[in-house]
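>
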Amino acid sequence: MACKIETLKDNNRMSTQELLQTINEKIQEGVTEFEIEACGQHDIGGSSWSKDGKPLTFYIKNPGQRVGAMGTDAATIVVEGSAPADIGWLNAGAKIIVKGDGGDTA
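Read left to right, the sequence shown gives residues 1350 to 1455 (the numbering used here).
(1) Which residue spans inside the stretch 1366–1409 form an unbroken beta strand (DSSP E) run of at least 3?
(2) If you pair each beta-carbon of the stretch 1419–1426 with each one of the stretch 1434–1445, do three or more pairs fall below 8 angstroms?
(3) Mark D1359 as exposed unless 16 or more other C-beta atoms lie within 10 angstroms of its C-beta, in which case mark it buried.
(4) Taking DSSP as the reference, what is the three-state secondary structure of R1415?
(5) Starting from the C-beta of L1439, find all residues in its chain whose C-beta is less than 7 angstroms away, skip the five residues before and the five after it, and write them out in chain order.
(6) Tell me the rounded alpha-carbon separation between K1400 and Q1377.
(7) Excluding the 5 residues flanking K1403 on each side, which residues of the same chain have their C-beta closer than 6 angstroms to its C-beta?
(8) When you compare only the Cα positions, how much space is there between E1386 and M1350?
(9) How far does the beta strand (DSSP E) with I1445 in it reach, from first residue to last?
(10) Just the C-alpha distance for S1364 and S1431, rounded to the nearest angstrom, thanks.
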């Protein structure tokens, strides 16, 4: 079962740093699949990795720039809709699927 993370609660937006820390904590707990309802947070999915090498899958809505940045070959990142600039920036093997429009550097 995927770990669902909503980044906007009661009109308060979770920071990018807090979101990435939450993802990494969940990975340490053994979670390998995420459904993220983002609100423009940057760098989602890319640099996350599991110590034991398990594949990670991210389903993301409304990401900010650099979704999938520095992605490893153990990551699959699916953007459910469009994404802004720098998709997969410095990608090192992640599979990135954007089900919408890509920004100027996709």
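Every residue, glycine too, gets a C-beta built ideally from N, C-alpha and C.
This is what the structure holds:
(1) 1382–1386
(2) yes
(3) exposed
(4) coil
(5) A1418, M1419
(6) 8 angstroms
(7) T1381
(8) 16 angstroms
(9) 1444–1447
(10) 20 angstroms
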